[in-house]
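Taking it in order: structure first as structure tokens, then the write-up.
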Amino acid sequence: MSPEDPDRRLRSHPVLAIPTRELVHIRWRGRDLAAVSGEPISSALAAHGARVLGHHPKDGSARSLFCADGQCAQCLVLCDGRPVKACVTRVRDGAVVEPLDGLPVLAPAGAPSQSAPIEHVSVPVLIIGGGPAGLAAAAELGRRGVRALLLDDKPQLGGKLVLQTHRFFGSFNAVHAGVRGIDIAARLEREARAFESITFWTGATALAVFGDGVVGVLRAAREGQRDAPSDAGGYALVRPEVLLVATGARERSLVFPGNTLPGVIGAGAFQTLLHRDLVRPADRVLVVGGGNVGLIVAYQALQAGIEVVAVVEARTECGGYRVHRDKLARQGVPILTSHTIVAAHGTEGVEAATVASVDARFACVPGTERTFACDAVLLALGMDPERELLLKAREMGMRVLSAGDADEVAEASAAIYAGRLRGVEAARLVGVEPGDAPVDAWQHALEIHRSRPGATLAQPDPPEHDVVPVLHCVQEIPCDPCASTCPQGGIVIDADDIRHLPAFLGDRLAHACVGCERCVTICPGQAITLVDYRRDPEHPTVIVPYEMPDELAAGARVIALDVDGHVLGEVEVVRVRDAIVADHTLAVRVRVPRVIARYVAGIRATAWPTEAEPGVHDAWPAGRAVVCRCERVTADELRALVRAGHRDVHSLKVLSRIGMGACGARTCGPLVRQLLRDEGVAEDEVVEPRHRPLLVEVPLGAFAGPRVERR
Amino acid sequence: MSATRASHDVVVVGAGSVGMPAALALAESGHRVLVPDARRGPGHGSHKAAIGGVRATHADAAKILLGLRSREILSTWRERRGDDLEWVTGGYVFPAWRDQEASTLRALLAAQRAAGLDVRWLDAEALLEVVPDLERRDLVGGTSSASDGHCSPLLAMEAFRAHAVRAGVELRFDEPVTGVEVEAGRFVAAVTPRGRHPARTLVLAAGAWARELAATWGQDLRVRPDAHEAGITEPVAPFLAPLVVDLRPGPGSANVYFFQHQTGQVVFCLTPAPLAWGDDTRETSSFLPLAADRLLAVMPRLASLRVRRTWRGLYPMTPDGSPLVGESREVGGIFVAGGMCGQGFMLGPALGELVDRVLRDAATDDDRRVLEALSPYRTFASDERLK
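From first to last, the protein sequence lines are chains A and B. Each residue of the first sequence is one higher than the last, beginning at 98 in this note's numbering. Each residue of the second sequence is one higher than the last, beginning at 1368 in this note's numbering.
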């Protein structure tokens, strides 16, 4: 990425509409930058290519955006002289933003704070988290007239769904499968907001669950009520009868040399910049992790015109859905299984990354290193449940339920079912019976929707006459939009267990395919094509789904690929159906020789020229492998302590400062446990530290209420 | 372990603020020391909840003696033993905005100076030179003791542990002492769920949990815990040198105190009023509003300082606010060192050395004065004025 690129905002996108937005201006290092009104400072800076946000006081290393979710505190900048998290602080016209190098200077005493009085709220049910689980629970509580308060720390409801441009799997009728995540979020929100008994606090962060059964909540200052972006809004103490924790999950991190370089970011952070704030964070990315998130984010990068040099997955197979892997492979992205990242290289940002193959014990095989030039490394290593509040509430003896990823990381569809079930349970706990809620059916559906991908099977050979759908869907995953939307009833799936493969009823007249193309465009896996033999049986046309940014028109030459991404040949586009018809999924008709028609699963317009240099790039200094980002504690430092006999994480904290930073060990906690395992320390030997409030740092003034003026 | 011949000379119950320094001192003078602790690591009881202020500026002579020596041990630790405890000789400041506190503080000065403390009264202007960000309105002045300071209780515990282990101390965690064996009126062994540990002497340094064990040999140790909460902020560039104590009572709190750690974080704590008796260490929702209110009244500039974490720990309180130190009269061979009333960290290092001298019959005149003042069998008539 060229430094301080004048403008990295998306101008067009195959799925997302790019609205015209009001601009404001901020100062950054003495320069005037245009920012979109309401966006976070970090996105305004990223839109201009500025990614070094400061330097760490311990080692002077560059700091940058990492989680884009208000969690990790790596993105501190000075805004009007005060340290703020750039990723959750919205731009204000005229704000002066500076990098924060070293420790901030405490702002001088200002005018007496305008904090609101501390609010005391009692409520039957408090839901923390407005993602799919929280919203689904709210709807069930609302349906039963139970009073509930739903909090979310973001200004927008929907949780991580609002970052997802892809169509979701699951049941079409029950959990909006086949619909894009962003639209599912809107549907769930609309459903929950229809009920008067539910109150919504957006921009409200649950800071802590206290021993007296009270949840401390920081509400964002309303616009116009704050002197500076860091001024907090009101503090509220909420006492629920039942607490429902639907806080979702956070991304895992990984220890490798150079892992704190600007440009090494979470896949979710990348999606946040790209899809929520419409900023292109990078030009060439390496994706680490072949689970669903890694495969999806790689595909989404391509959709935004960002090159993907490779996806590396340490295991022998990608853990994500096969259809996600396949559609990526069809776009020519190298998917390197049994590979991991060895190092990210650069000085003040990622300039290259080295990968290598790993053996069965995940150790790098010497001599297999390859270095890719790239400007970002996206970490997609899976998620860990966000459980701090849940565990605290249990410790405090509160009546507490949990739903969604906070419980068990799974698909959003599973979170919706879990939310419904816990919503009904919460209602029961406050004395409202479930009525006709189909609890058993939901429980059954939850089990199905949260299951891991099942067996890979074969589809029978499709008929080769008239017009027929070809199902390239061969892995058992919970999904049914094809069957649910076929107007002829020609595609069927076992309704009791939608993990079974769909089947085409084929030649039975009553179900004859009419070539409506619905199955092609709605399939979340892009795993259905239509082959039309009607006009010319020897040169049939194949209708394929297409969501890439390239402009396609009749007459264009494209590459046809089979399901795994093998090239079948160059073919001609004969028709492109308007994107409006099927929510931005193009139905592209290509003419192909009969012999390959049934094998064509997709097309590619562009070849991605990705050349990896063999071997470790000597030009790059070896970066440091950091376990604790907040305190910049390296793996070497920690290992030395562990080898000196320390097993108590509390002692490791004291001696290395690991986990003592702003994020409260949320990023490094799992990495420390991994390091201890790698050092051969038995799990029961490890003494875990106790978690303490608060979840995020909050100015003291926010807690003082109006009594500040007592002076 | 032989049932007849003890493998240890001393069993120190509790690897905390007092027990660990005592174990170190005892081991370095040649004792074979065993330290069983109910928890999983050193200082996991109340010690790790200490905020780190270290002062000699107390109101009574015994604590001044212990305070002076402890301060010396901690402030010179790095040059003597090498470990960095993040010590800062930042001083203590007790500002007064009202006549009540001003006269309380002035009344203590003569005795404190006579005891060797370099505490001085500063008028408002002079005090503001030491702490420029103090609330100026109504500031009368205050006392300043420039030789006091603060350091990291966590690093200090790691250092004590490392040196204790080096000196041969055997630490056993996850092993509570549940009783003692007594023969002919003398202690012979400590009993834990994992076995018995014969020794000549037992040192009871179990802090807030000492009373129950003492009761097993019939001693009524007047220790009962109350809970205090503390917090720590983000680190910022240095702006505050001393530890500041605001003695004014307020609604819900008796006093508040805070300092900036060497690494930039501000650590703060308040004394709730009424006291929160019991051993519940779960954080409360009332602490931050109370503390923020008080802190901003002392120093308005703290308003934009961001709180990072809070925690709650126990003060093993005694009826008069002073520790309980001395031999048990009920059973021979048992020495009590506890009831530190929240000052275990700042008094423990010196108390550990005192325990060692007493056990090898090397007590000094000062030690005898301390033992007399802090006898567990005293009448508890007075009340400490600078708790």
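Glycine is no exception: its CB is placed at the ideal position from the N, C-alpha and C atoms. What you are looking at is a predicted structure, and each value in this text was computed from that prediction instead of being measured.
Note on the stretch 131–204 of chain A: whole alpha helix (DSSP H) runs with a minimum of 4 residues are 138–144, in chain order. Around the beta carbon of Pro337/A, a 10 Å sphere encloses 16 or more other beta carbons of the protein chains shown; the residue is thus reported as buried. Distance between Gly1631/B and Val1455/B, taken at the CA atoms: about 12 angstroms. Within the stretch 403–443 of chain A, the runs of alpha helix (DSSP H) at least 4 residues long that lie entirely inside it are, in chain order, 419–426. Look at Asp537/A here: in three-state DSSP terms it is helix. The contact set of Asp1647/B on chain A, defined by CB atoms closer than 8 angstroms, consists of Gly308 in chain order.
Under the Cβ distance rule, Arg316/A does not count among the residues neighbouring chain B, no pair being separated by less than 8 angstroms.
For the stretch 487–513 of chain A, the set of positions with a beta-carbon nearer than 8 angstroms to some beta-carbon of chain B reads Glu492 and Met493 in chain order.
CA-CA distance, Ser1652/B to Gly494/A, rounds to 15 angstroms. No Cβ-Cβ contact shorter than 8 angstroms links Met1684/B with Ser1384/B.
If you draw a 10 Å sphere on the C-beta of Pro1641/B, you find fewer than 16 other C-beta atoms in it, and that means exposed.
In terms of Cβ geometry, Val376/A and Leu768/A do not form a close pair [threshold 8 angstroms]. DSSP lists Val564/A and Thr638/A as the beta-bridge partner residues of Asp629/A. Secondary structure note for Thr582/A: its alpha helix (DSSP H) is the uninterrupted segment Pro578 to Thr582.
DSSP, reduced to helix, strand and coil, places Val1603/B outside both helices and strands of the structure shown, so it counts as coil.
The C-alpha of Ala1463/B is placed about 11 angstroms away from the C-alpha of Arg1504/B.
For Trp1678/B, the residues of chain A that pass the 9 angstroms Cβ criterion are Arg787, Arg789 and Pro790, in the order they occur in the chain. Neighbours of Phe800/A in chain B, taken as residues at a C-beta separation under 7 angstroms, are given in chain order as Leu1655, Pro1656 and Ala1659. Just measuring C-alpha positions, the residue of Arg726/A, Ala732/A and Arg770/A sitting nearest Asp745/A is Arg770/A. For Thr1559/B, not one C-beta of chain A is nearer than 8 angstroms to its own C-beta. Val121/A and Val188/A do touch by the CB rule: their CB atoms are close to 6 angstroms apart, below 8 angstroms. Ser1511/B is bridged by DSSP to Val1460/B and Arg1487/B. Per DSSP, reduced to three states, the secondary structure at Ala234/A is helical.
The C-beta of Thr553/A has fewer than 16 other C-beta atoms within 10 Å across all chains shown, which makes the residue exposed. Flagged as an interface residue toward chain A: Arg1673/B, by a C-beta distance shorter than 8 angstroms. If you draw a straight line from the Cα of Phe307/A to the Cα of Arg789/A, it comes to about 10 angstroms.
Here Ile619/A carries a helix assignment [DSSP, helix/strand/coil]. Under DSSP, Thr1677/B shares a beta bridge with Gly1598/B. Look at the stretch 184–211 of chain A: the residues with a C-beta under 9 angstroms from a C-beta of chain B are Gly199, Leu200, Pro201, Val202, Leu203, Ala204, Pro205, Ala206, Gly207, Pro209 and Ser210. In this structure, Val1402/B keeps its C-beta atom at 8 angstroms or more from the C-beta atom of Val1421/B. In this structure, Leu791/A and Thr1677/B form a Cβ contact; the two beta carbons are roughly 7 angstroms apart against a cut-off of 8 angstroms. Annotation for Leu1522/B: Asp1450, Asp1451, Leu1452 and Glu1453 place their beta carbon closer than 8 angstroms to its own, counting only its chain and skipping 5 residues before and after. Legend: CB atoms of the stretch 1624–1651 of chain B lying less than 7 angstroms from CB atoms of chain A belong to residues Gly1631, Asp1647, Arg1649, Glu1650 and Thr1651.
For Ala1474/B, the number of other beta carbons within 10 angstroms of its own is below 16, and it is reported as exposed.
Residue state for Ser1620/B is assigned as strand, using DSSP reduced to three classes.
The shortest CA-to-CA distance from Ala1604/B to any of Pro1616/B, Ser1620/B, Leu1662/B and Gln1629/B is the one to Gln1629/B.
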